[in-house]
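To start, the structure under review is shown below, and the notes come after it.
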Amino acid sequence: MVCRKILFESALDELVSATNSFDFFEFEDIPNSLLSEQNDSGDISKEISVIFIGKTGYGKSTLLNKIINQHFFATSDVASCTKTMQVAKFKLPKGDNCYFTLCDLPGIGENVQVDKEYLKLYAKMVSQATVVVYLLRADQRDFAIDERAFELLFSEDLKHERLIIALNCVDKVEPINREIEFELTEKQKNNIELKKQDIASSFGVESCMIREICSTNGYGLSMLLFAIHINVQAVITKKQGEEFSKEMEATMRELKDMEEELLGILDEF
Ligand SMILES: Nc1nc2c(ncn2[C@@H]2O[C@H](COP(=O)(O)OP(=O)(O)OP(=O)(O)O)[C@@H](O)[C@H]2O)c(=O)[nH]1
Ligand SMILES: [Mg+2]
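Position 84 of the sequence shown, counted from 1, bears residue number 87 in my numbering, the numbering being contiguous throughout.
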């Protein structure tokens with residue numbers, strides 16, 4: 004049994020209004036086969052879950068706080084922080100003990116011994132999760148630990164079905180303008196795009212599944228939530244594989260065009 008701590012429990016409506024996502028749960032009929040069973044000290048719940056994994060200090064807990072718009076997940080500026088799995092649970096309309104859960108896991112990379120234990124936990128949770136969000140940092144160059152974790156955790160199929168990479172800390176991408184309030188410059192955007200292409204080829208994933216974000220100020224959060232939303236929905240409707248990736252890329256491009264158009268209109272005012 005995997006030990007976990009429930010930090011927050013509420014109705015799905017609360018998550019829907021905090022994120023403007025995941026409203027499809029109200030309409031979709033979720034097959035029982037997709038719900039994984041979790042046992043919290045004898046309390047059994049059936050869950051659709053999104054797990055957040057990756058190296059220590061890369062902002063998993065910060066991102067989860069930003070998503071639920073509350074400060075429930077402990078974060079640290081200094082030391083490796085999350086030591087057990089922690090979850091926020093949102094009750095699905097489907098039944099009494101059915102939930103959509105967001106799970107924060109301890110970070111790898113602190114030391115070799117602990118990593119063995121955490122990677123075992125990751126493997127178990129990846130096998131049960133509906134969607135996996137793997138955090139990387141946009142200002143990082145050393146991917147050795149992550150590449151090793153990818154080899155251990157993700158089959159080729161899984162990489163193309165229910166994995167999203169959240170490329171965090173875009174505010175730290177050079178060249179940083181320290182004079183002005185946060186706004187990505189064209190040069191930073193270009194460097195982020197190059198970083199995404201680099202990661203897509205070394206990790207063997209679609210670049211549309213890499214979402215650039217800043218967990219502290221919320222940059223890119225709506226696009227990441229949209230990616231999680233449609234991945235969960237795709238798993239539920241069992242629309243997977245290459246065809247789905249292409250569809251997703253087209254949808255993402257459409258959304259990005261809409262965003263840019265909207266920003267253009269706002270700039271004119
Ligand atoms: N500049 C910047 N800092 C960030 C961002 N996201 C997180 N941080 C900072 O990174 C530090 C670590 O964040 P955590 O959320 O505790 O990281 P974690 O991945 O949960 O770490 P573990 O629990 O040890 O695995 C904190 O000081 C956060 O404020 C970001 O997008 N930009
Ligand atoms: Mg943490």
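Don't be surprised by glycine CBs; every beta carbon is placed ideally from N, CA and C.
Beta-carbon spacing of residue i, residue j below 7 Å
i      : j      : result
Val136 : Ile167 : yes
Tyr121 : Leu156 : no
Thr133 : Val19  : no
Ile202 : Glu215 : no
Cys106 : Ser24  : no
Cys172 : Asp142 : yes
Ala91  : Phe11  : yes
Gly207 : Lys162 : yes
Leu227 : Ala169 : yes
Lys69  : Gly221 : yes
Check: residue i C-beta below 6 Å from any heavy atom of ligand 2
i      : result
Thr219 : no
Lys63  : yes
Thr22  : no
Cys84  : yes
Buried/exposed call for residue i, threshold 16 Cβ in 10 Å
i      : result
Val176 : buried
Asn114 : exposed
heavy atom of ligand 1 below 6 Å from residue i C-beta
i      : result
Thr1   : Not covered by the structure: residue 1. The range shown for the chain is 4 to 272.
Lys174 : One detail in the question is off: residue 174 reads as Asp in this sequence, not Lys. Asp174: yes, Cβ under 6 Å from ligand 1.
Thr78  : yes
Asn114 : no
Thr59  : yes
Gly207 : no
CA-to-CA distance, residue j to residue i, given in whole angstroms
i      : j      : result
Glu50  : Glu252 : 27 Å
Ala147 : Lys241 : 33 Å
Asn100 : Met261 : 38 Å
Glu164 : Gly45  : 32 Å
Phe55  : Met128 : 10 Å
Phe247 : Phe153 : 21 Å
Leu67  : Phe76  : 7 Å
Beta bridge counterpart(s) of residue i as assigned by DSSP
i      : result
Met88  : Arg7
Lys259 : In the DSSP output, where bridge partners are listed per residue, Lys259 has none listed.
Glu184 : Glu184 pairs with nothing; no bridge assigned.
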